[in-house]
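Protein chains in written order, with my numbering: chain A, 3 to 392; chain B, 3 to 392.
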């Protein structure tokens with residue numbers, strides 16, 4: 003089975019032996035605090051390091067006082083939703099967005115509404131129209147949830163020229179922006195784009211995570227909050243998880259302080275870039291002409307669009323029968339509906355395996371197009387042979 | 003400053019050097035999984051160990067399939083409340099209960115109603131009357147939240163003969179029992195009482211934690227769920243925290259598997275018992291006759307009752323001026339009201355320090371009684387001298 007489904011980070015570039023020694027020293031020397039309850043907001047050291055990290059994304063005015071360390075950015079999003087939303091309130095999102103966020107929003111019985119996007123991300127004019135239409139209809143819109151860099155699932159990046167515009171539209175409509183940026187430092191080339199939060203202090207709640215740039219298993223993320231929200235966030239966040247784990251915070255701090263973490267990250271990013279290239283090449287080689295896909299400049303994901311007649315949910319089991327897994331598009335849609343799109347992750351498996359997986363998937367898709375259209379399947383441009391199969 | 007406020011566990015009996023080595027080995031040898039995303043339900047190994055642990059509390063029919071590992075039991079309680087309650091729904095509790103639970107309940111805008119208790123815990127007849135009265139008034143009661151062993155804040159234990167009765171009353175009224183049992187293994191003598199869950203499988207949701215018997219800083223707790231709730235719990239729990247931290251689970255598993263953890267726990271319990279004895283002796287020696295207190299058989303806390311005329315909230319700052327801290331009673335009351343009670347924790351500080359702290363507090367209380375009654379303060383039985391003060 004080749005899984006192109008899960009968006010796990012690749013951890014092979016981590017210095018595990020040295021990290022093990024760090025953990026040993028933390029427990030042996032400071033176990034009385036590393037294993038004890040800690041502050042609900044997180045350690046001062048880590049919050050200060052997080053501010054330095056956010057400066058790499060253009061946020062240079064963050065204070066550790068306004069940072070809350072959380073159980074991954076997932077629990078930050080959970081607390082934000084709990085603070086801002088009552089049942090029935092509306093949340094805006096990209097046309098397709100992180101399914102874990104949709105799960106959180108659904109848990110609070112909110113009404114989630116997508117805004118149209120194109121290859122440059124959310125379309126500001128569409129955002130403006132959508133807000134007006136929803137507010138005219140009496141909806142209480144609480145925030146826009148957006149993954150501006152290498153969106154999950156589409157891989158699309160919100161264009162630089164749109165960023166301030168999106169923030170300003172929301173500000174004018176009295177709607178927070180919740181900017182979820184786990185992938186920002188995973189860019190394969192070119193300039194990093196500044197976060198929306200960089201130039202919009204008051205209206206943007208910024209979520210960050212160590213899950214993609216270090217370790218998801220430690221479950222350490224954070225929120226950078228507008229000052230009026232900090233106390234409420236800490237009270238309601240504390241009522242969900244009490245405090246983030248001290249040992250994990252100290253290990254992240256040690257990694258940022260004592261290791262050449264940027265070199266390890268650069269090695270991981272180089273790996274992701276190779277894998278993206280392998281996936282794009284394999285798509286180009288194997289997929290029928292009716293299929294298109296995004297070309298992400300970073301992150302973990304590529305988003306495929308099939309002919310409108312194809313329901314990708316129906317392909318999941320056929321693909322599993324052919325030993326390849328993917329996520330069907332409907333899982334990422336705020337409003338349940340049929341989808342002719344699907345997500346592939348290139349982060350977690352070697353380039354050669356990616357090529358084989360894409361080839362298997364292309365056969366499933368060709369068959370489906372053939373059946374849907376009543377025609378013979380469009381042959382792949384260069385089907386090659388699958389070395390795993392007879 | 004002597005703090006009798008915080009209920010931190012004492013970690014001095016932990017084998018920190020050896021635990022550090024365990025963490026090192028986990029990261030160096032299995033870092034690819036210890037630092038990676040894991041299953042939302044938690045590892046199979048830890049869930050199996052948790053079942054063995056619950057057998058020590060009389061629960062012998064638990065399956066790992068029905069256990070969910072959580073971020074402390076706090077996040078289990080958060081998820082349970084999210085699953086079971088809509089805004090306005092009613093939750094029943096002991097007369098005084100864990101303030102962190104009250105914070106969770108308040109975050110979901112529930113209506114929390116106390117049930118009368120005595121020295122043997124919740125009074126079954128009062129529970130029955132209260133349920134009937136509330137249901138007659140049209141309230142939707144969703145669960146009874148109860149800490150049966152060494153309650154936080156009162157230290158009171160629900161008597162053995164009341165346990166099944168409480169569970170049966172709730173079952174008959176179609177109300178879940180949420181049994182929160184972080185302190186059950188911290189008994190100073192006599193037989194452990196079986197958990198309510200031991201003989202009531204269907205109606206009891208059982209919450210456990212490693213925070214008091216191993217380490218709170220790892221943030222590992224769990225819920226044992228009735229089978230029909232498991233899927234919903236995993237979905238909504240996942241939308242809050244995605245998955246519990248893998249490294250932390252593996253370290254808890256190593257502690258339970260490779261260490262003589264019961265010997266370390268016995269050493270910690272012996273320490274708590276000494277401290278409880280020191281606090282009871284100091285209370286007996288220093289407190290005026292108008293003050294009474296509970297005599298807990300385990301756990302971390304003693305609950306003081308002052309004359310009705312005293313508002314303990316007003317004493318907090320006076321005590322801080324005299325360099326002693328406690329938690330005032332109102333913090334633990336489901337319905338906001340004035341309280342003449344207060345909580346002292348004996349878990350976290352040495353016996354000699356406890357004696358000094360109680361002596362300081364006795365002077366604050368004597369002064370308050372003197373002022374409230376318009377009389378001279380009732381002299382402490384044996385005021386002694388405070389070695390920290392001139």
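A virtual CB, placed ideally from N, CA and C, is assigned to each residue, including glycine.
With contact counted as at least three CB pairs below 8 Å, one residue from each stretch, are the stretch 36 to 48 of chain A and the stretch 6 to 20 of chain B in contact? Verdict: yes, contact present.
Note down, in chain order, each residue of its chain lying with its Cβ closer than 6 Å to the Cβ of residue 234 of chain B, except the 5 sequence neighbours on either side. As a position in the second chain, residue 234 of chain B is number 232, starting the count at 1. Here the set comprises 85.
How close, in whole Å, do the beta carbons of residue 340 of chain B and residue 328 of chain B come, if the pair is a contact with beta carbons under 8 Å? Your numbering for residue 340 of chain B matches position 338 in the second chain. Your numbering for residue 328 of chain B matches position 326 in the second chain. So it is not a contact: roughly 16 Å between Cβ atoms.
Three-state secondary structure (DSSP) of residue 121 of chain B: Translated into the one-based positions of the second chain, residue 121 of chain B becomes position 119. For residue 121 of chain B, the three-state secondary structure derived from DSSP is coil.
Does the beta carbon of residue 274 of chain A sit closer than 9 Å to a beta carbon anywhere in chain B? The sequence position of residue 274 of chain A within the first chain is 272, counting from 1. Residue 274 of chain A does not count as touching chain B.
Kindly indicate the opening and closing residues of the alpha helix (DSSP H) around residue 80 of chain A. For this step, residue 80 of chain A is matched to residue 78 along the first chain. Residues 74 to 86.
What number of angstroms, rounded off, separates the C-alpha of residue 156 of chain B from the C-alpha of residue 95 of chain B? By one-based count along the second chain, residue 156 of chain B stands at place 154. By one-based count along the second chain, residue 95 of chain B stands at place 93. Linking residue 156 of chain B to residue 95 of chain B through their CA atoms gives a straight-line distance of about 13 Å.
Going by DSSP in three states, residue 354 of chain B sits in which element: helix, strand or coil? For the purposes of this step, residue 354 of chain B is identified with residue 352 of the second chain, where counting begins at 1. Note: residue 354 of chain B maps to helix in three-state DSSP.
Based on the DSSP output, what are the partners of residue 295 of chain B in its beta bridges? What you label residue 295 of chain B is simply residue 293 of the second chain in a count that begins at 1. Residue 295 of chain B is bridged by DSSP to B:306.
Looking at C-alpha atoms only, which residue of A:53, A:359, A:69 is the closest neighbour of residue 62 of chain A? Locating residue 62 of chain A in the first chain gives position 60, counting from the first residue. Looking at the Cα atoms, A:53 is the closest of the given residues.
Just to confirm the assignment, what range does the beta strand (DSSP E) spanning residue 92 of chain B have? Working through the second chain from its first residue, we reach residue 92 of chain B at position 90. Element bounds for residue 92 of chain B: 92 to 95.
Skipping 5 residues on each side, what residues in its chain have a beta carbon closer than 8 Å to that of residue 113 of chain A? For the purposes of this step, residue 113 of chain A is taken as residue 111 along the first chain, with counting starting at 1. Excluding residues up to 5 positions away in sequence, 90, 91, 92, 93, 141 lie with their Cβ nearer than 8 Å to the Cβ of residue 113 of chain A in the same chain.
Evaluate residue 217 of chain A with the Cβ neighbour count: other Cβ atoms within 10 Å of its Cβ, from every protein chain shown; 16 or more gives buried, anything less gives exposed. As a position in the first chain, residue 217 of chain A is number 215, starting the count at 1. Residue 217 of chain A counts as buried, since no fewer than 16 other beta carbons sit within 10 angstroms of its beta carbon.
Since residue 185 of chain A meets chain B, which of its residues come closer than 7 Å, beta carbon to beta carbon? On the first chain, residue 185 of chain A is found 183 positions in, with the first residue counted as 1. The contacting residues do not exist; residue 185 of chain A stays about 15 Å from chain B at best.
Less than 9 Å between the beta carbons of residue 302 of chain A and residue 151 of chain A, yes or no? Position 300 of the first chain holds residue 302 of chain A. Position 149 of the first chain holds residue 151 of chain A. No. Outside cutoff.
By DSSP, does residue 44 of chain A sit in helix, in strand, or in coil? Position 42 of the first chain, counted from the first residue, corresponds to residue 44 of chain A. Coil.
Just mark residue 281 of chain B as buried or exposed, buried being the case when its beta carbon has 16 or more other beta carbons within 10 Å. Taking the second chain and counting its residues from 1, the one referred to as residue 281 of chain B is at position 279. Burial check for residue 281 of chain B: the Cβ neighbour count within 10 Å reaches 16 or more, so the residue is buried.
Which word fits residue 43 of chain B, buried or exposed, when buried means at least 16 other C-beta atoms lie within 10 angstroms of its C-beta? To locate residue 43 of chain B, count along the second chain from 1; it is residue 41. Around the beta carbon of residue 43 of chain B, 16 or more other beta carbons sit within 10 angstroms, so the residue counts as buried.
Does chain B have any CB closer than 9 Å to the CB of residue 245 of chain A? Working through the first chain from its first residue, we reach residue 245 of chain A at position 243. Yes, because at least one Cβ of chain B sits closer than 9 Å to the Cβ of residue 245 of chain A.
Measure the C-alpha to C-alpha separation of residue 45 of chain B and residue 97 of chain B and round it to an integer number of angstroms. For the purposes of this step, residue 45 of chain B is identified with residue 43 of the second chain, where counting begins at 1. For the purposes of this step, residue 97 of chain B is identified with residue 95 of the second chain, where counting begins at 1. In a straight line, the C-alpha of residue 45 of chain B is about 37 Å away from that of residue 97 of chain B.
Are the beta-carbon atoms of residue 228 of chain B and residue 68 of chain B separated by less than 9 Å? Taking the second chain and counting its residues from 1, one reaches residue 228 of chain B at position 226. Taking the second chain and counting its residues from 1, one reaches residue 68 of chain B at position 66. Yes, these two residues count as a Cβ contact at 9 Å.
Under 7 Å by beta carbon: chain A residues contacting residue 73 of chain B: Position 71 of the second chain holds residue 73 of chain B. Those are 73, 243, listed as they occur along chain A.
Supposed contact pair residue 145 of chain A and residue 180 of chain A - C-beta distance, whole angstroms, cut 8 Å: As a position in the first chain, residue 180 of chain A is number 178, starting the count at 1. As a position in the first chain, residue 145 of chain A is number 143, starting the count at 1. 5 Å between Cβ atoms; contact.
Nearest chain B C-beta to residue 155 of chain A closer than 9 Å, yes or no? Your numbering for residue 155 of chain A matches position 153 in the first chain. No, because no Cβ of chain B sits closer than 9 Å to the Cβ of residue 155 of chain A.
If you draw a straight line from the alpha carbon of residue 163 of chain A to that of residue 224 of chain A, how long is it in whole angstroms? Position 161 of the first chain, counted from the start, is the residue given in the question as residue 163 of chain A. Position 222 of the first chain, counted from the start, is the residue given in the question as residue 224 of chain A. Taking the straight line from one Cα to the other gives about 26 Å.
Whether or not the stretch 185 to 204 of chain B and the stretch 27 to 36 of chain A are in contact is what I'm after, with contact meaning three or more pairs of Cβ atoms, one per stretch, closer than 8 Å; do they touch? Fewer than three beta-carbon pairs drawn from the stretch 27 to 36 of chain A and the stretch 185 to 204 of chain B are found closer than 8 Å, and the two stretches are therefore not classed as touching.
For residue 136 of chain B and residue 171 of chain B, what's the separation of their Cα atoms in angstroms? Looking up residue 136 of chain B in the second chain gives position 134. Looking up residue 171 of chain B in the second chain gives position 169. Computed Cα separation, rounded: 14 Å.
Nearest residue (CA-CA) to residue 130 of chain B, options B:173, B:121, B:319, B:83: Within the second chain, numbered from 1, the residue matching residue 130 of chain B stands at position 128. Considering only alpha carbons, the answer is B:173.
Cβ atoms of residue 177 of chain A and residue 215 of chain A: under 9 Å apart, would you say? Here residue 215 of chain A is taken as the residue at index 213 of the first chain, counted from 1. Here residue 177 of chain A is taken as the residue at index 175 of the first chain, counted from 1. Taking 9 Å as the Cβ cut-off, residue 215 of chain A and residue 177 of chain A do not qualify as a contacting pair.
Please classify residue 39 of chain B: does DSSP put it in a helix, a strand, or coil? For the purposes of this step, residue 39 of chain B is taken as the residue at position 37 of the second chain. Residue 39 of chain B: coil per DSSP, three-state reduction.
Roughly how many angstroms separate the alpha carbons of residue 243 of chain B and residue 210 of chain A, rounded to a whole number? The sequence position of residue 243 of chain B within the second chain is 241, counting from 1. The sequence position of residue 210 of chain A within the first chain is 208, counting from 1. Residue 243 of chain B and residue 210 of chain A have their C-alpha atoms roughly 14 Å apart.
Apart from the five residues on each side of it in sequence, which residues of its chain come closer than 7 Å, Cβ to Cβ, to residue 50 of chain A? Residue mapping note: residue 50 of chain A aligns to position 48 of the first chain, counting from 1. Residues 66 of the same chain have their beta carbon placed closer than 7 Å to that of residue 50 of chain A, with the five preceding and five following residues left out of the count.
Looking at the C-beta of residue 10 of chain A, does it have a partner C-beta in chain B at a distance below 9 Å? As a working mapping, residue 10 of chain A is identified with position 8 in the first chain. For residue 10 of chain A, the answer is yes, since a Cβ of chain B falls inside 9 Å of its Cβ.
Buried versus exposed call for residue 286 of chain A [16 or more other C-beta atoms within 10 Å across all chains shown]: For the purposes of this step, residue 286 of chain A is taken as residue 284 along the first chain, with counting starting at 1. Label assigned to residue 286 of chain A: exposed.
So, does the CB of residue 218 of chain A fall closer than 9 Å to a CB anywhere in chain B? In the first chain, the residue the question calls residue 218 of chain A occupies position 216. By this cut-off, residue 218 of chain A is an interface position.
Just to confirm, are residue 289 of chain A and residue 367 of chain A a CB contact at a threshold of 9 Å? Working through the first chain from its first residue, we reach residue 289 of chain A at position 287. Working through the first chain from its first residue, we reach residue 367 of chain A at position 365. Contact annotation: residue 289 of chain A and residue 367 of chain A have beta-carbon atoms nearer than 9 Å.
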